[in-house]
Amino acid sequence: MIETDILIIGAGPTGLFAVFEAGLLKLKCHIIDALPQPGGQLAELYPKKPIFDIPGYPTVLAGDLVTNLMEQIKQFQPGFTLSETAETIEKLEDGAFIVTTNKGTKHHAKAVAIAGGLGTFEPRKPPIDNISFYEEKGVEYFVKDPELFRDKRIVIAGGGDSALDWSIFLADVASEVTLIHRRNEFRGALDSVEKVQELKKTGKIKLITPAEVVAINGQNHVESLVLENEGVQQTMATDYFIPLFGLTPKLGAIANWGLEIEKNAIKVNNALDYQTNIDGIYAIGDVNIYPGKLKLILCGFHEATLMCQSVYQRINPGKKYVLKYTTVSGVDGFDGTRKEAEKAVVKSIE
C-alpha cells in the first residue's frame, strides 16, 4: 500500500506543478500516470513543439517545460506509479481514499486530485481504407521528433491549430511541406493562418484547399497520396502523411467513480477550490469543466495552487495557515520565520 497525502492522477504539467505547491505546504504527493514517463501530452505527443504562453518564457519547448517542472519538484521527492491507470476508488470512513490501478497497485491518500488532461486519447483518423497498414510506415498522427522529417516531403492534413503550427514549424525542416484542408477557411489562430499564407507566397508551403486525401499508395511505406479536389483526383508523391484531426478524449474508468460529468469533463466548484461533487476529490487542468473554463496550462497551474490550499485545510482542520511568498520564505525552509528568510535572501545577494 502506497501512502500519501495527495494522490495525483495524471503527470502532465498541471499534475507536476501541483506537487510543487503541495510541497510548499509540507504535503506529500504521489502520481499515477498511464504513460511510461512524466509529462503527459507534452512529453508523449509534441515534446519538440514550442509553447508561447508560459509566464516568464517567451518560448519554451514542451519537453523542456516538463524537464524544468521535474527539476522544480525534485526537492519534494514525489512518488510515481507509471504505465498504470487508476481503475477503482474506495472512500473510507475517515474520509481518505484507496485507489487501485489496473495492475493492482493500491494507494492510500487523504485527498485525490484528478489532473488527467484529456484523459486517455486516440487520434481521429481519416476514413481511408488502408491507413492502418501505413501507420509508422509513413503515416504519423503526432509529431514527436521533427528530425524524423528532416529533408523529407511531407503532407499535413487538417484545419486547426496543430495542422497550422506544425506546417509553419516544419517548413524549415522538411524539403517540402504541403498543407491540405477540406475547406478554404481554417479554424486555427488568425496569426497562424496569416503565417501560412505568407509562407505560401514565398514557396515554403504548398496550400491545397478545398481538398481531401482519399487514398494512400506504397508497397511497404507511403510513396504517394491520392487527393480529391471538387470531384477531381490527383496523385501527389510524398514521404510522410500527417493527418492532424485532433484527439478523441476518454475519461476511462474515472467516468465510473460517481463524479458529475459534462461534455466528457468533470464538473468542479471553481468558485472555491476545484472540488468535485465528491468531498475530497478534486479535478484540475484540462480534465475539468466550469463556466468560463479555458484549457490553458497556466490556468491549470492556478487551479492546482487553490486545490493544494484546500487539501491543506482538509488535512489540518482548524489549523491557522498564513500565506507566505516564496520570495521571502524561500522553498527549502518554507515553514521558517520571515526574519530568517530575509537573512538568507540578503546573504544570497551578497
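Position in the sequence shown counted from 1, then plus 99, gives you this note's numbering. No residue lacks a Cβ here, since even glycine has one placed at the ideal position from N, Cα and C.
Residues near residue i by beta carbon distance below 8 Å, same chain, minus five either side
{"i": "Q243", "result": "As written in the sequence, residue 243 is Lys, which differs from the Gln given in the question. If we look at K243 and ignore the five residues flanking it on each side, its Cβ neighbours are E143, L144, Y145, P146, K147."}
{"i": "L160", "result": "P146, K147, K148, P149, I150"}
{"i": "A288", "result": "D260, L263"}
{"i": "V118", "result": "I107, C128, I130, I172, F175, P177"}
{"i": "E361", "result": "I388"}
{"i": "A336", "result": "R252, E322, S323"}
{"i": "I414", "result": "D104, L126, K209, A210"}
{"i": "K190", "result": "F196, I377, G379"}
Span of the alpha helix (DSSP H), counted from its first residue to its last, around residue i
{"i": "V297", "result": "The identity of residue 297 in the sequence shown is Glu, whereas the question assumes Val. That run of the alpha helix (DSSP H) goes 289-300."}
{"i": "L168", "result": "161-172"}
{"i": "I414", "result": "396-414"}
{"i": "I267", "result": "260-269"}
{"i": "E118", "result": "Note on residue identity: the sequence assigns Val, not Glu, to residue 118. From DSSP, the alpha helix (DSSP H) with V118 extends over 112-123."}
{"i": "A142", "result": "139-143"}
CB-CB length for residue i against residue j, believed under 8 Å
{"i": "I130", "j": "I107", "result": "5 Å"}
{"i": "I105", "j": "A210", "result": "5 Å"}
{"i": "I380", "j": "L358", "result": "7 Å"}
{"i": "G317", "j": "G237", "result": "7 Å"}
{"i": "A212", "j": "F196", "result": "About 11 Å; that fails the 8 Å criterion."}
{"i": "F248", "j": "Y339", "result": "6 Å"}
Own chain residues within Cβ distance below 6 Å of residue i, not counting five before or after
{"i": "F151", "result": "T158"}
{"i": "E275", "result": "R252"}
{"i": "N328", "result": "A310"}
{"i": "T334", "result": "S323, V325"}
{"i": "G303", "result": "In the sequence on display, residue 303 carries Lys and not Gly. Same-chain partners within the cutoff: A270."}
{"i": "L298", "result": "A270, I304"}
{"i": "D250", "result": "S274"}
{"i": "V292", "result": "F285"}
Cβ-based neighbour list, residue i, same chain, cut-off 7 Å, excluding 5 preceding and 5 following
{"i": "E186", "result": "T199, T200, N201, A352"}
{"i": "R286", "result": "G258, G259"}
{"i": "F116", "result": "L168, F400, A403"}
{"i": "K446", "result": "Interpretation of K446 is limited by its pLDDT of 45, a score under 50 that renders its predicted location unreliable; the figure taken from the coordinates is listed afterwards. For K446, where only same-chain residues beyond five positions count, there are no Cβ hits under 7 Å."}
{"i": "N229", "result": "I315"}
{"i": "L397", "result": "D152, I153, P154"}
{"i": "K394", "result": "D385"}
{"i": "Y156", "result": "none"}
{"i": "P135", "result": "L181, S182"}
{"i": "L405", "result": "D372, Y373"}
{"i": "N354", "result": "Sequence check: residue 354 is Ala here, not Asn. Taken in chain order, the residues that qualify are I360."}
{"i": "N283", "result": "T308, P309"}
Proximity of residue i and residue j at Cβ, strictly below 8 Å
{"i": "R223", "j": "G345", "result": "yes"}
{"i": "N387", "j": "V410", "result": "no"}
{"i": "V325", "j": "Q332", "result": "yes"}
{"i": "Y373", "j": "A364", "result": "no"}
{"i": "I153", "j": "L141", "result": "no"}
{"i": "T347", "j": "E221", "result": "yes"}
{"i": "A214", "j": "G111", "result": "yes"}
{"i": "I227", "j": "W356", "result": "no"}
{"i": "P309", "j": "H280", "result": "yes"}
{"i": "L306", "j": "L278", "result": "yes"}
{"i": "L181", "j": "C407", "result": "no"}
{"i": "H206", "j": "T375", "result": "no"}
{"i": "V312", "j": "A270", "result": "no"}
{"i": "I267", "j": "K294", "result": "yes"}
{"i": "G216", "j": "G391", "result": "no"}
{"i": "P137", "j": "F179", "result": "yes"}
Residue range of the beta strand (DSSP E) that includes residue i
{"i": "R252", "result": "252-256"}
{"i": "A364", "result": "364-366"}
{"i": "T103", "result": "101-108"}
{"i": "K305", "result": "305-307"}
{"i": "L278", "result": "275-279"}
{"i": "A382", "result": "380-382"}
{"i": "I130", "result": "128-132"}
(message) In chain order, what are the residue ranges of uninterrupted beta strand (DSSP E) at least 3 long that sit wholly in the segment 315-345?
(response) The segment 315-345 contains these whole beta strand (DSSP E) runs: 323-328, 331-336, 339-342.
(message) Which runs of the beta strand (DSSP E) at least 3 residues long sit entirely within the segment 175-230? Give them in chain order.
(response) You should have 178-181, 185-190, 196-200, 205-213, 219-222.
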